[in-house]
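Chemist: Below are the structure tokens for one structure; questions will follow.
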Amino acid sequence: LGEAFGTRKRKQAIVSMEKNKVRPDSLGQPATEFIAQVLSESKEEASSVTSSAAHEIMASSLLPPYNRETLNVAEIYAIKGLIPTECFKALPIESFINLTVKSSKDEIDAVKTQFGMKDFWMNRILSAPRDDGHFILRLLLFGHFLSSFRELKEAAINGPDGSVMALQSRLFECPEAVAIDLLNRFADRIAPPVNNSQNSSSSSAAAAAAFLGKAKHKLPGTLRDKAILYILAVLLHLDSFRVNATSVAELLAITPTKLITFFKALGCTIDRPNRGEEMNLNINNRLVPVKFARLTAPLTFPPPPKRQGKK
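Just so we're aligned: the sequence shown equals residues 3 to 313 in the numbering used here.
If you want it as structure tokens, here you go:
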């Protein structure tokens, strides 16, 4: 029973994981405006060849791989570009296959504790349709791992083991293939300093000792924002390419206005609720107007913001 419904050790691990998360109000702050500027400018609209090239490189590194020519909306941000095949197959869905809204609270809470999962993902998993390949379950589980990764402090993902095991200790039940992929795509690897002096043996040992215990991966604001873009692309697939942006803002702990910037960066248009849909959401005891982000084919990025002339 202890193993099934959450041991004291696992509950203590969850408390530890919460301590190793960054403050919600510090996420999505520094790079959001930069992303909006970079992803909205095309080569023709850039002020110079140099700045245009820089913008194209940055956009390609932040946005998921996209197909601008396709008329099939599902192919714009293809799943294989969002989640490598090896990671997709490695996702540990076994605990969720038989879990539904009809499952007991004890069963649901046990799996939530096992994975350290938020209600947003668990509630969607409980109501998700089951198919032979468990496609929807895999998308939801990857979204959980990526959103949890984005919230970690840098110190929480670094250790003398090369960071993979350190990350797995923070993301419960995360397969090695997924941990490696998250570090490769959404973190900067910082190599130990190299000393080229003649006394290489002693100096290298000193450099290695000095580096030990310091961060081996960095999580800058731009890469935390890149994670948001991938999470939103996954949610677009899950919601037939029309997502309740307001509810996702609460999950990612950023304001709906800022989240709209990310959806626009993906090429989405922003809609009001249709007749019969909920008009407002209660977030922190405040009614917030609901907005939907919709992706259509062919992909069209928003026009660049108007620049104000110098006075």
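The C-beta atom is built at its ideal place from N, Cα and C for all residues, glycine as well.
It should be emphasised that the depicted structure is a prediction, and the values quoted were computed from it without experimental measurement.
(1) Report yes or no: do three or more beta-carbon pairs, one from the segment 125 to 145 and one from the segment 95 to 110, lie closer than 8 Å?
(2) Under the three-state reduction of DSSP, which class applies to L289: helix, strand or coil?
(3) State the DSSP-derived secondary structure class of A295, mapped to helix, strand or coil.
(4) Could you pull the DSSP bridge partners for H219 from this structure?
(5) Using beta-carbon positions only, say whether A295 and V245 come within less than 9 Å of one another.
(6) Using the DSSP secondary-structure output, state which residues sit across from R244 in a beta bridge.
(7) Please classify D134 as buried or exposed, where buried requires at least 16 neighbouring CB atoms within 10 angstroms.
(8) Compute the Euclidean distance between the alpha carbons of P300 and D111, then round it to the nearest angstrom.
(9) Assuming K297 and I78 form a contact by the criterion Cβ under 8 Å, report the distance between their Cβ atoms to the nearest whole angstrom.
(10) Taking 9 Å as the threshold (beta carbon to beta carbon), is D108 in contact with chain C?
(11) Taking just the CA atoms, how far does F303 sit from L93?
(12) Taking the C-alpha atoms as reference points, what is the distance between E319 and K293?
(13) Applying the criterion that 16 or more other CB atoms from any shown protein chain within 10 Å of the CB defines a buried residue, is N160 buried or exposed?
Modeler: Based on what the coordinates show:
(1) yes
(2) Translated into positions along the sequence shown, residue 289 becomes position 287. Of the three classes helix, strand and coil, the one that applies to L289 here is strand, per DSSP.
(3) Position 293 of the sequence shown, counted from the first residue, corresponds to residue 295. If DSSP states are grouped into helix, strand and coil, A295 belongs with the strands.
(4) As a first step, residue 219 must be located in the sequence shown, where it is residue number 217. H219 pairs with R191.
(5) Reading the sequence shown from its first residue, position 293 is the one you call residue 295. Reading the sequence shown from its first residue, position 243 is the one you call residue 245. It is a contact, given that the beta carbons lie within the stated cut-off.
(6) Sequence index remark: in the sequence shown, residue 244 carries index 242 (1-based). DSSP lists R296 as partners of R244.
(7) As a position in the sequence shown, residue 134 is number 132, starting the count at 1. By the neighbour-count rule (16 or more Cβ atoms within 10 Å), D134 is not buried but exposed.
(8) The residue given as residue 300 occupies position 298 in the sequence shown. The residue given as residue 111 occupies position 109 in the sequence shown. Using only the alpha carbons, I get a separation of about 42 Å.
(9) As a first step, residue 297 is located in the sequence shown; it is residue number 295 there, counting from the start. As a first step, residue 78 is located in the sequence shown; it is residue number 76 there, counting from the start. The residue asked about is misnamed: residue 297 is Leu in this sequence, not Lys. L297 to I78, Cβ: 7 Å. Contact.
(10) This model lacks chain C altogether; it includes just one protein chain.
(11) Reading the sequence shown from its first residue, position 91 is the one you call residue 93. Reading the sequence shown from its first residue, position 301 is the one you call residue 303. Their Cα atoms are separated by approximately 32 Å.
(12) For the chain, the structure presents residues 3 to 313; residue 319 sits outside this window and is missing.
(13) Taking the sequence shown and counting its residues from 1, one reaches residue 160 at position 158. With 16 or more Cβ atoms within 10 Å of its Cβ, N160 is classed as buried.
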